[in-house]
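Participant: Numbering (my numbering), first residue to last: 11 to 774. Here's a structure for you.
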């Protein structure tokens with residue numbers, strides 16, 4: 011139940027025996043056992059990695075902390091003195107410097123670098139010139155200074171680089187169409203386009219090599235990792251064209267070397283599928299997420315070593331316990347069989363082995379990976395429990411003590427070791443944001459300077475409602491009061507409750523009552539809209555995104571009434587599904603209730619702020635799906651399911667016969683749904699395939715699925731967790747800062763008075 015594998019079957023069986031109230035037990039167990047305790051384990055692991063990182067750097071930084079702190083305060087004090095040198099703003103006291111120096115010495119970033127000093131000095135210089143703006147990215151000046159020296163590279167990027175993403179994607183679309191095309195005309199067209207794309211990529215590589223050199227030098231072609239990847243893929247494409255050209259000339263389908271050549275061609279086509287990696291270097295969003303992902307590989311390698319040790323230990327133990335014992339008799343009378351000899355002596359019976367077994371260390375590691383993913387692990391566990399001896403038919407629940415082996419593996423590896431990936435990815439994501447934190451500190455310094463300026467020179471602009479007439483001001487005060495919002499929120503709550511009363515085949519009286527309620531609520535919300543438009547004005551009203559949502563939902567309510575009356579009056583022929591869609595949109599009004607709660611509003615803001623960052627991650631994830639879908643079509647596109655060789659995971663909804671369904675299959679695998687059965691189907695011997703290609707498929711299949719599962723389920727998904735955690739932390743800090751804004755204003759006003767007194771004494 012805690013692992014959530016088929017736990018609903020247990021729930022339904024218990025409910026049938028004891029009653030519906032037993033569902034409360036399972037809900038409490040899932041919430042507190044899985045969502046709280048197991049996630050608490052993940053939180054402890056993440057905190058352990060952060061503490062270990064801090065403890066590892068504490069010894070080397072303690073000796074320099076005081077010196078760097080003094081250095082920060084000196085620079086900050088000097089900066090602010092230059093800021094107020096025109097005497098329009100008083101010089102800040104030492105206490106003021108101390109308060110603002112804390113912004114530059116937060117626990118997350120207690121090391122001041124030359125880049126930080128340069129950013130502060132640049133800010134100071136800009137303030138000296140009466141320009142209250144800071145250079146938040148000192149590298150921009152370096153880029154500006156080096157602009158003249160990079161004209162060649164800029165021309166090269168403009169001529170070729172800007173077209174490369176479209177060409178790369180077009181080339182990959184050509185590759186995935188080429189994989190399974192059988193028509194002669196289409197095959198020739200795709201071959202010609204493959205020649206064209208290869209020529210374009212080759213010309214691009216040669217231009218870059220000519221412009222910057224090949225290897226010797228600091229900025230040569232091969233010094234860039236992305237250029238090395240581009241060059242490798244271009245060479246692969248050229249070799250692939252050469253092999254295919256030689257194959258079409260010298261080989262025939264009846265040749266003895268056909269299977270070997272087909273295997274070689276398959277390998278190079280798989281390598282060609284990596285060409286979308288070129289897009290990462292040319293898409294700005296992917297260049298942000300890509301380095302974070304790649305930088306995670308090194309620390310993940312340490313965790314992978316630990317996991318490998320556990321896997322090998324449990325794998326060797328599993329071989330000792332279960333080698334040769336997962337065989338079983340297949341046939342109509344298999345329940346009467348006890349030994350292998352009896353099974354083979356009977357007609358229409360076969361002595362077969364399970365796809366997941368412990369016959370050797372390799373098979374054991376593959377079986378343990380399926381167990382660690384917690385996908386369909388229960389049948390594998392019961393195979394071990396039912397195992398008797400070598401060449402013996404399994405007996406149900408023969409040795410229940412072997413459950414200790416499987417439960418121990420899940421506790422040590424699945425619950426603990428694999429969750430270490432979460433800690434690694436989160437900690438690495440936080441480290442990657444350290445440069446951005448320095449820029450944020452510069453923005454904070456500029457913001458504090460502007461606050462002092464506003465306090466010294468109060469705003470001369472009047473509020474937007476200053477020119478309103480007396481009756482409109484009273485209406486404005488009513489509409490912006492919290493009591494008005496509470497009344498509307500209460501009405502919205504009643505409206506949501508009335509919507510929940512609807513059900514299939516409800517009485518006519520209830521249907522008519524809900525219809526009249528809908529009219530009443532629509533009139534109330536329309537009056538609210540009109541009052542706020544009059545009180546605030548259209549321009550100010552629509553500046554609030556919540557008001558935009560209210561307007562949209564009001565239009566949905568009115569559209570629902572109009573469409574329903576038109577359909578009942580037979581005025582126009584309207585699809586009933588359109589009305590259902592409009593009614594579903596009405597449920598979104600519950601969001602108006604959520605904005606009244608501070609905590610929920612904060613979470614909604616987190617979701618809104620996370621979407622742009624998750625978008626880049628989604629692009630990278632789609633690129634990964636794109637590559638693996640092409641590989642899957644090339645490897646497993648010819649697999650056929652039959653009565654003699656039935657498939658357990660592959661079916662008409664999950665297969666690799668074309669690019670689109672391959673993407674859907676990979677999405678199911680990424681969500682940890684039945685991926686072990688799909689991999690099991692790809693490991694079987696398929697006589698319909700070419701021999702060489704079939705052998706290659708059975709060798710590459712475990713590598714293909716293991717890499718995809720590790721990247722999607724353990725790395726990319728955990729980066730999303732890291733983004734959410736970081737935004738949640740930032741939201742809490744922002745909330746705390748907003749709570750202290752009133753005190754900050756008063757403190758600044760008092761500080762200005764003290765500074766003015768200090769300056770007068772200094773002048774005297």
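For glycine and all other residues, C-beta sits at the position ideal for the given N, C-alpha and C.
Where does residue 798 land, buried or exposed, given buried means 16+ other C-beta within 10 angstroms?
Facilitator: Since the first and last residues shown for the chain are 11 and 774, residue 798 lies out of range.
Participant: Would you list the residues sitting across from residue 339 in a DSSP beta bridge?
Facilitator: The partner list for residue 339 (beta bridge, DSSP) reads 361.
Participant: For the candidate residues 725, 365 and 522, whose alpha-carbon lies nearest to that of residue 631?
Facilitator: Closest option to residue 631, Cα to Cα, is 725.
Participant: Could you check what DSSP says for residue 476 in three-state terms: helix, strand or coil?
Facilitator: Three-state result, residue 476: coil.
Participant: Cα separation between residue 217 and residue 554?
Facilitator: When rounded, the distance between both Cα atoms is 52 angstroms.
Participant: Give every residue of the same chain whose Cβ lies closer than 6 angstroms to the Cβ of residue 225, excluding the five residues on either side of it in the sequence, and list them in chain order.
Facilitator: Only 232 meet the Cβ criterion.
Participant: What number of angstroms, rounded off, separates the C-alpha of residue 789 from the C-alpha of residue 414?
Facilitator: What the structure shows of the chain is the stretch from 11 to 774, and residue 789 is not part of that stretch, so it cannot be assessed.
Participant: How many Å lie between residue 116 and residue 452 at the Cα?
Facilitator: Caution is warranted here: a pLDDT of 41 is assigned to residue 116, below 50, making its placement in the model unreliable, and the coordinate value is therefore given only provisionally. Roughly 13 angstroms between the two C-alpha positions.
Participant: Is the beta carbon of residue 335 less than 7 angstroms from the beta carbon of residue 380?
Facilitator: Contact flag unset, no.
Participant: Give the C-beta separation of residue 407 and residue 395 to the nearest angstrom, bearing in mind that I take them to be a contact with Cβ-Cβ under 8 angstroms.
Facilitator: So it is a contact: roughly 6 angstroms between Cβ atoms.
Participant: Since residue 524 and residue 512 should fall inside the 8 angstroms C-beta cutoff, what is the C-beta to C-beta distance between them, to a whole number of angstroms?
Facilitator: 6 angstroms between Cβ atoms; contact.
Participant: Just tell me which of 363, 321, 638 and 720 has its CA closest to the CA of residue 340.
Facilitator: It is 363 whose Cα lies nearest to the Cα of residue 340.
Participant: Going along the chain, which residues of its own chain have a beta-carbon closer than 6 angstroms to the beta-carbon of residue 12, five neighbours each way excluded?
Facilitator: Taken in chain order, the residues that qualify are 43 and 44.
Participant: In or out: residue 247 buried (at least 16 other Cβ within 10 Å) or exposed?
Facilitator: Answer is buried; the Cβ neighbour count reaches 16.
Participant: Looking only at DSSP bridge pairs, what is residue 5 linked to?
Facilitator: For the chain, the structure presents residues 11 to 774; residue 5 sits outside this window and is missing.
Participant: Check whether the Cβ atoms of residue 689 and residue 715 lie closer than 7 angstroms to each other.
Facilitator: In contact: residue 689 and residue 715 (Cβ atoms closer than 7 angstroms).
Participant: Taking its Cβ as the centre, do 16 or more other Cβ atoms sit within 10 Å of residue 565, making it buried, or is it exposed?
Facilitator: Residue 565 should be labelled exposed.
Participant: What is the C-beta distance between residue 386 and residue 691, in whole angstroms, given that I count them as a contact (C-beta under 8 angstroms)?
Facilitator: Actually they do not touch by this definition, with Cβ atoms about 13 angstroms apart.
Participant: Using the beta-carbon count (16 or more within 10 Å), is residue 330 buried or exposed?
Facilitator: Burial call: exposed.
Participant: Taking only three categories from DSSP, how would you classify residue 664?
Facilitator: In this structure, residue 664 counts as strand in the three-state DSSP scheme.
Participant: What does the alpha-carbon distance come out to for the pair residue 391 and residue 625?
Facilitator: If I take the Cα positions, the gap works out to 39 angstroms.
Participant: When the Cα atoms are used, what is the spatial distance from residue 378 to residue 332?
Facilitator: When rounded, the distance between both Cα atoms is 13 angstroms.
Participant: Use the C-beta contact count for residue 552: other C-beta atoms within 10 angstroms, 16 or more gives buried, fewer gives exposed.
Facilitator: Exposed: under 16 other Cβ atoms inside 10 Å.
Participant: Check whether the Cβ atoms of residue 244 and residue 212 lie closer than 7 angstroms to each other.
Facilitator: The answer is yes: Cβ separation under 7 angstroms.
Participant: The alpha helix (DSSP H) spanning residue 502 covers which residue range?
Facilitator: It spans 492–509 - the alpha helix (DSSP H) in which residue 502 sits, taken as one unbroken run.
Participant: Restricting to Cα atoms, I'd like to know which of 634, 709 and 648 is closest to residue 677.
Facilitator: Checked all of 634, 709 and 648; the closest Cα to residue 677 is 634.
Participant: Within 10 Å of its beta-carbon, does residue 411 have 16 or more other beta-carbons around it, so buried, or fewer, so exposed?
Facilitator: The residue in question, residue 411, is exposed, as its Cβ has fewer than 16 Cβ neighbours within 10 Å.
Participant: Taking DSSP as the reference, what is the three-state secondary structure of residue 385?
Facilitator: In this structure, residue 385 counts as coil in the three-state DSSP scheme.
Participant: Return helix, strand or coil for residue 455, following the three-state DSSP convention.
Facilitator: If DSSP states are grouped into helix, strand and coil, residue 455 belongs with the helices.
Participant: Spatial neighbours of residue 32 within its chain, please: C-beta separation below 6 angstroms, excluding the five flanking residues on both sides.
Facilitator: Cβ within range, chain order: 24 and 25.
Participant: For the segment 557–575 and the segment 593–605, state whether three or more C-beta atom pairs, one from each stretch, are separated by less than 8 angstroms.
Facilitator: They touch, by the three-pair rule.
Participant: Closest by CA to residue 205, which one among 250, 541 and 651?
Facilitator: Here the closest residue by C-alpha is 250.
Participant: Leaving aside the five residues before and after residue 400 along the sequence, list all residues of the same chain whose C-beta is less than 7 angstroms from its C-beta, in chain order.
Facilitator: Result list for residue 400: 334 and 335, in chain order.
Participant: Taking residue 323 as the reference, give the member of 343, 372 and 338 with the closest Cα.
Facilitator: Measuring from the Cα of residue 323, the nearest candidate turns out to be 372.
Participant: Roughly how many whole angstroms lie between the Cα atoms of residue 21 and residue 485?
Facilitator: Their backbone Cα atoms lie some 56 angstroms apart in a straight line.
Participant: Could you pull the start and end residues of the alpha helix (DSSP H) that residue 26 belongs to?
Facilitator: It spans 17–28 - the alpha helix (DSSP H) in which residue 26 sits, taken as one unbroken run.
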